[in-house]
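Participant:
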Amino acid sequence: MNHDLSVILQHYTDFLAGLGNTLWLAAATLIVGSLLGCIVAGLLLSPVRIVQRATSILVDGLRCVPFLLLVYLIYYGLPELGIRFDRWTAGLSALIIYHTAYFGEIIRGAWLNVSRDQIEAGRAYGYSGLLLFRRIILPQLFFSSAPLIGNQSIYIMKDTAFLMIITIPELTFAAASIQSTYFVPFASFLAAVLLYWIVTLAIERGVHRIELAADLRRA
Amino acid sequence: MCILGPSGSGKSTLLRCINFLEAPDEGEVFLRGERIGFKGAVPQKERDLGATRARMGMVFQHFNLWPHLTVLGNVIESPVHVLRKSREQTVEKAKELLTMVGVADKMHVYPHTLSGGQKQRVAIARALAMEPEVLLFDEPTSALDPEIVGEVLAVMRQLVNDGRTMIVVTHEMAFARDAGDTIVFMDAGAIVETAPPEEFFTRPRTERAQQFLQRYMR
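Taken in order, these protein sequences are the chains called A and B.
86 is the number of the first residue of the first sequence in my numbering; add one for each residue after it.
202 is the number of the first residue of the second sequence in my numbering; add one for each residue after it.
1) Compute the Euclidean distance between the alpha carbons of residue 326 (chain B) and residue 278 (chain B), then round it to the nearest angstrom.
2) Residue 205 (chain A) versus chain B: which residues are under 7 Å apart at the beta carbon?
3) Entirely within the region 219-291 of chain B and at least 3 residues each: give me those beta strand (DSSP E) ranges in chain order.
4) Under 8 Å between C-beta atoms, does residue 213 (chain A) make it to chain B?
5) My output table needs one value for residue 386 (chain B): the three-state DSSP class, helix, strand or coil.
6) Please classify residue 203 (chain B) as buried or exposed, where buried requires at least 16 other C-beta atoms within 10 Å of its C-beta.
7) For a contact defined as C-beta to C-beta under 8 Å, what are the partners of residue 221 (chain A) on chain B?
8) What span of residues does the alpha helix (DSSP H) with residue 123 (chain A) cover, start to end?
9) For chain B, is any of its Cβ atoms less than 8 Å away from the one on residue 113 (chain A)?
10) Could you please tell me which residues of the region 239-266 of chain B, in chain order, have their CB closer than 9 Å to any CB of chain A?
11) Quick one: using the 10 Å Cβ neighbour count with 16 as the cut-off for buried, is residue 267 (chain B) buried or exposed?
12) Taking 6 Å as the limit between beta carbons, can you name the residues of its chain near residue 395 (chain B), skipping five residues before and five after?
13) Within a Cβ cutoff of 7 Å, which residues of the same chain sit near residue 320 (chain B), ignoring the five residues on either side of it in sequence?
14) Do you know offhand how far residue 295 (chain A)'s Cα is from residue 211 (chain B)'s?
15) Thinking C-alpha only, which one of A:238, A:220, A:222 and A:171 is nearest residue 187 (chain A)?
16) I'd like to know if residue 272 (chain B) contacts chain A, where contact means its C-beta is closer than 8 Å to some C-beta of that chain.
17) For the region 248-294 of chain A, which segments carrying the alpha helix (DSSP H) assignment without a break, of at least 4 residues, lie completely within its bounds, in sequence order?
18) List the residues of chain A that residue 331 (chain B) touches, going by C-beta distances under 9 Å, in chain order.
19) Suppose the cutoff is 7 Å on Cβ atoms and the five residues either side in sequence are ignored; what does the same chain contact list for residue 222 (chain A) look like?
20) For the region 279-298 of chain A against the region 233-252 of chain A, do three or more pairs of beta-carbon atoms, one drawn from each stretch, fall closer than 8 Å, so that the two count as touching?
21) Under a CB-based cut-off of 8 Å, is residue 294 (chain A) close to chain B?
22) For residue 160 (chain A), which residues of its own chain have a beta-carbon under 6 Å away from its beta-carbon, when the five flanking residues on both sides are left out?
23) Under 8 Å between the Cβ atoms of residue 280 (chain A) and residue 256 (chain A)?
24) Tell me, please, whether the region 218-229 of chain B touches the region 373-385 of chain B by the rule of three or more beta-carbon pairs shorter than 8 Å.
25) What do you reckon, are the CB atoms on residue 166 (chain A) and residue 114 (chain A) nearer than 8 Å?
26) Write down every uninterrupted run of the beta strand (DSSP E) in the region 309-350 of chain B whose length is 3 residues or greater and which is fully enclosed by it, in chain order.
27) Write down every uninterrupted run of the alpha helix (DSSP H) in the region 174-246 of chain A whose length is 4 residues or greater and which is fully enclosed by it, in chain order.
28) Nearest-angstrom Cα distance between residue 102 (chain A) and residue 243 (chain A)?
29) Name the chain A residues that come within less than 8 Å of residue 309 (chain B), Cβ to Cβ?
30) Given a cut-off of 8 Å, decide if residue 299 (chain A) and residue 195 (chain A) are closer than it, judged by their beta-carbon atoms.
31) Give me the residue from B:415, B:333 and B:317 with the minimum Cα distance to residue 280 (chain B).
32) Considering only their Cβ atoms, is the gap separating residue 310 (chain B) from residue 271 (chain B) smaller than 8 Å?
33) Interface residues of chain A around residue 283 (chain B) at Cβ under 8 Å?
34) Going by beta carbon distance, what residues of the same chain come within less than 7 Å of residue 328 (chain B), once the five residues before and after it are set aside?
35) Given this structure, state the Cα-to-Cα distance separating residue 345 (chain B) from residue 219 (chain A), to the nearest angstrom.
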């Protein structure tokens, strides 16, 4: 066990590099996904029935498919149709497309939950348009969706691990390659688990803070 | 002015037509002799209506405070962001108003911790902070526990004594009789009778008003 541990410690930079890739992939997915999710939410709420139906089917379809399958489709399947992506583009696209579907639903839910009474009070006190949105609607959207978005970030981070299958050097890939080179499976994967835990704990702390703030400001 | 009538008679709808929260099918609203809500023959858009609405303070049955803002935040919110008044001045004014309605000690808390009566008093302070020309009350005590109703009516009575122009939709007959100077009685979507309180409550002219009073008065 001591030998295993020393191997891990000797190669800590590989783990950190892997963690670094995991983190930036997750962050990029979170930022782009949540922005695109606003657009998707808008489409899901569209009064034009065909737009709403089509988006709904697409979103549900994505959520019913294992993420790994989407990665395979994009990286191995699309080249058959002539569309070839490098592994990074394929991996990041898969993450973004997949999680945009979830963000769309989260934001749509938050939108529907915005209190009509408070908007009416806003209108009665002279608010309209962008000001109404910024001062009255947006705070509600933020506090009701933030915990869910925080949780979704944890799922994003876990999904990055699947990208090792297309040889993206994120954390799980790093752990797997250390273990296969030096035959230290338990120590290697445990190290990865610990690193995932640290990040998850940080995200959960952040989400908790927001939940506390949201609770103070509940209707 | 108190608007009375059975449930469903259209009292709240009429009130909401005054500040165009509901779009009336026909008719005109005049504020200080000036026709509001329209630019010539064309109904105004929300953005322009906003300026008109800001001249009228509204108090809702379910308070409709903004939960993401503190009590003080609620009161200063519209004067600062819609009327673009100075923040320091508005805060000073807000503190006075909150003291007047009796919730000054709750200034920095969030609305969800308050009782119904406290919330409604904050709502009244919020309306007053706009320095409105008219105050519109939509059944302000209907959602309150009976013991709490009195504290809100007391604040409203004070406003009447201060000479404020108020239009109150209410079921509180005693308040309407004591504090009102005109009673507007509605039934089935139309104004049926208009009279000063002494007349309305003792010698109602129309049959529907008589029936209503028989049911509601003891």
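Using N, Cα and C, we set each Cβ at its ideal position, and we do this for glycine too.
Facilitator: Let's see:
1) 12 Å
2) 222 and 265
3) 230-232, 235-237 and 257-260
4) yes
5) strand
6) buried
7) Near residue 221 (chain A) (Cβ distances below 8 Å), the residues of chain B are 267.
8) Membership of residue 123 (chain A) in the alpha helix (DSSP H) is indicated by the continuous run 97-129.
9) no
10) 246, 247, 248, 249, 250, 251, 252, 253, 254, 255, 256, 257, 258, 259, 261, 263, 264, 265 and 266
11) buried
12) 385
13) Residues of the same chain with a CB within less than 7 Å of the CB of residue 320 (chain B), apart from the 5 flanking positions on each side, are 264, 266 and 312 in chain order.
14) 42 Å
15) A:238
16) no
17) List check, alpha helix (DSSP H) in window: 256-267.
18) 210 and 211
19) 199 and 204
20) yes
21) no
22) Around residue 160 (chain A), the same chain offers 175 and 251 as residues with beta carbons nearer than 6 Å, after the five sequence neighbours per side are excluded.
23) yes
24) Taking a contact to require three or more Cβ pairs closer than 8 Å, the region 218-229 of chain B and the region 373-385 of chain B do not qualify as touching.
25) no
26) 335-339
27) 201-209, 214-217 and 223-245
28) Straight through space, the alpha carbons of residue 243 (chain A) and residue 102 (chain A) are spaced by roughly 17 Å.
29) Those within 8 Å of residue 309 (chain B) in chain A number zero; the least Cβ separation is about 11 Å.
30) no
31) The shortest C-alpha separation from residue 280 (chain B) is found at B:333.
32) Residue 271 (chain B) is a Cβ neighbour of residue 310 (chain B), given a cutoff of 8 Å.
33) 210, 211, 212 and 216
34) 258, 259, 260 and 336
35) Going by the C-alpha atoms only, they are around 31 Å apart.
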